[in-house]
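Participant: Per the numbering used here, the very first residue in the sequence shown carries number 9; after that it's consecutive.
Beta carbons are placed, not taken as given, at the ideal position from N, Cα and C, and that holds for glycine.
Treat the numbers as computed from the prediction; the structure is a model and nothing was measured.
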Amino acid sequence: MTVIDLMPYEDALTAYDPVMGLEVHVELGTATKMFCGCSTSLGAEPNSQVCPTCLGMPGSLPVVNATAVESAIKIGLALNCEIAEWCRFARKNYFYPDMPKNFQTSQYDEPIAYDGYLDVEVDGETFRVEIERAHMEEDTGKSTHVGGATGRIHGAVHSLLDYNRAGIPLIEIVTKPIVGAGERAPQVAKAYVAELRELIKALGVSEARMEMGQMRCDVNLSLRPHGQEKFGTRSETKNVNSLRSVERAARFEIQRHAAVLSSGGTVVQETRHFHEDDGSTTSGRIKEEAEDYRYFPEPDLVPVAPSREWVEELRAGLPELPRVRRMRLQADWGLSDHEMQSVLNAGAIDLIVATIDAGAPADQARKWWMGELARRANEDGTDIAALPITPAQVARVAALVSDGSLNDKLARQVIEGVLAGEGEPDEVVDKRGLKVVSDEGALGAAVDEAIAANAGIAEKVRSGKVAAAGALVGAVMKATRGQADAARVRELILERLGVQG
Ligand SMILES: [Zn+2]
């Protein structure tokens, strides 16, 4: 294993200015492939969702998937892009076993969308990422290399190919060079991919699950000395598939480039692999010159010429975009930037909205998700959305608290029961016997018992040491197994002892 020299991050930024370019591939969630009617559903038997077209058999003819074009236009519009009045597909020619046609049908100099931007927030400040283009293409098949230690082709005994993914519609979104981010470049990269993912999900064009490979990012990075206009030589870290990894890959490459440059070396233009385990990158394919893919217009497909009426119809139908929605919810809920950031970091925003939709007041919905449930997700090391409790169930717990059936302590036990699979909140209340003792007679009896059993304390309270009443409240709460309303208990005790609260 070669040891890669890294310069401390702060030192690297003192000497150099990072320039990034991000290329994000998104698999569209269409029912069928880009140029044929094969299903795109996941998890099928290998090579069961293929046909002569996506296998590139001679004589087969592709047909463009209209829904994929519609999705591409929606993405372009949401990214503030111009939408081409006329564009074509092109063949990108190269050989690789996972691509049965020996060319990828893509778009070359005529993308469907171009010249846009996406605003992202970093540390409460807005950073504008300019978009160069968004174009349509198709995915390749999937190779599985068997027998090697790392799952890569190196050291493998043989490889398996599954063409079910070959031909699934992809949108590739390419930024213009991102300059001026300075030391925040890795955060900007992460924030951009996060914002893009939210946007894609809001548009409903893909689930954009990075862990499933439905969205992946290539991180291009170069450094230049401060004050120099010309960009340095870039590396391209391929297929980074989590938000955290995007940030780590950019950070690692900044430190690596800086070490190479400061020691008088030359950065090699190459693709690199990112390693999740230690956050490093290693050399992949060296690209000394731009590869010549011999692009030419795809002769088997007619050009795509979306009418302006259709484009305007799609623009008018766009949903509220994530950034606008977040600002609206923050204002509606009356949260500070910091509080809103916590909600976002916890991944709880949609859960809170759904809980409010199910009838809970906003502050209650936020309190349960950000308190008890965020803590639980954290303890279990799971995604908060994956907890076995629904927004409707949380709303029901909140309703039981607000009608006085539960206090917070009991509500926590109800939530615990729901999480443990004991049923709906009301069932947990019944099974565990968790109801606030609101029967005044029973409560009064418990209060009398507590006073009788703690005569000394009762005497102190009577003589004006009201603070001592806390011990009596505690005794009643203990006797009722926490199922009494503590404020009401206190009132009753003071009433019995003839003192004013
Ligand atoms: Zn097919």
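1) Cβ of M107 within 8 Å of Cβ of A174?
2) Would S291 be called buried (16 or more neighbouring beta carbons within 10 Å of its own) or exposed?
3) Note the first and the last residue of the continuous beta strand (DSSP E) segment covering F135.
4) Taking only three categories from DSSP, how would you classify E244?
5) Based on Cα-Cα distance, which residue from T75, E261, T390 lies nearest to E191?
6) Considering only heavy atoms of ligand 1, list every residue whose Cβ is less than 6 Å from one of them, following chain order.
7) Identify, in the order they occur along the chain, each residue of the same chain with its Cβ nearer than 6 Å to the Cβ of R224, setting aside the five sequence neighbours on each side.
8) Enumerate in chain order the residues of its own chain whose CB-to-CB distance from V275 is below 6 Å, with the five nearest sequence positions on each side excluded.
9) If you count every other CB in all the chains shown that lies within 10 Å of the CB of I83, and 16 or more means buried, which is it?
10) Where does the unbroken alpha helix (DSSP H) through R252 begin, and where does it stop?
11) Using a threshold of 8 Å, state whether the C-beta atoms of Y125 and E138 are closer than that.
12) On the DSSP bridge assignment, give the partners of V436 in chain order.
13) In the region 177–218, which residue ranges form an unbroken beta strand (DSSP E) of at least 3 residues, counting only runs that do not cross its ends?
14) Buried or exposed for F43, going by 16 or more other Cβ atoms inside 10 Å?
15) Nearest-angstrom Cα distance between E499 and L251?
16) Nearest CA to the CA of E145: which residue from Y17, Q112, S167?
17) DSSP on M15, reduced to helix/strand/coil?
18) Have a look at A406 and V213 and give me their C-alpha separation to the nearest angstrom.
19) Alpha carbons only, please: which of T61, N110, W94, T38 is nearest the one belonging to N101?
20) Closest by CA to R440, which one among H234, G429, E448?
21) How is S49 classed by DSSP in three states: helix, strand or coil?
22) DSSP puts R232 in a beta bridge; with which residues?
23) Considering only C-alpha positions, which residue in the set A460, L505, A461 is nearest to V473?
Facilitator: Taking the definition as stated:
1) yes
2) exposed
3) 133–146
4) strand
5) E261
6) K41, C44, C46, V58, C59, T61, C62, G175
7) H33, N247, N249
8) T241, H265, V268
9) buried
10) 251–270
11) yes
12) DSSP lists no partner for V436.
13) 177–183
14) buried
15) 53 Å
16) Q112
17) coil
18) 34 Å
19) N110
20) G429
21) coil
22) D25
23) The question names Val, yet the displayed sequence has Lys at residue 473. Comparing Cα positions, the closest option is L505.
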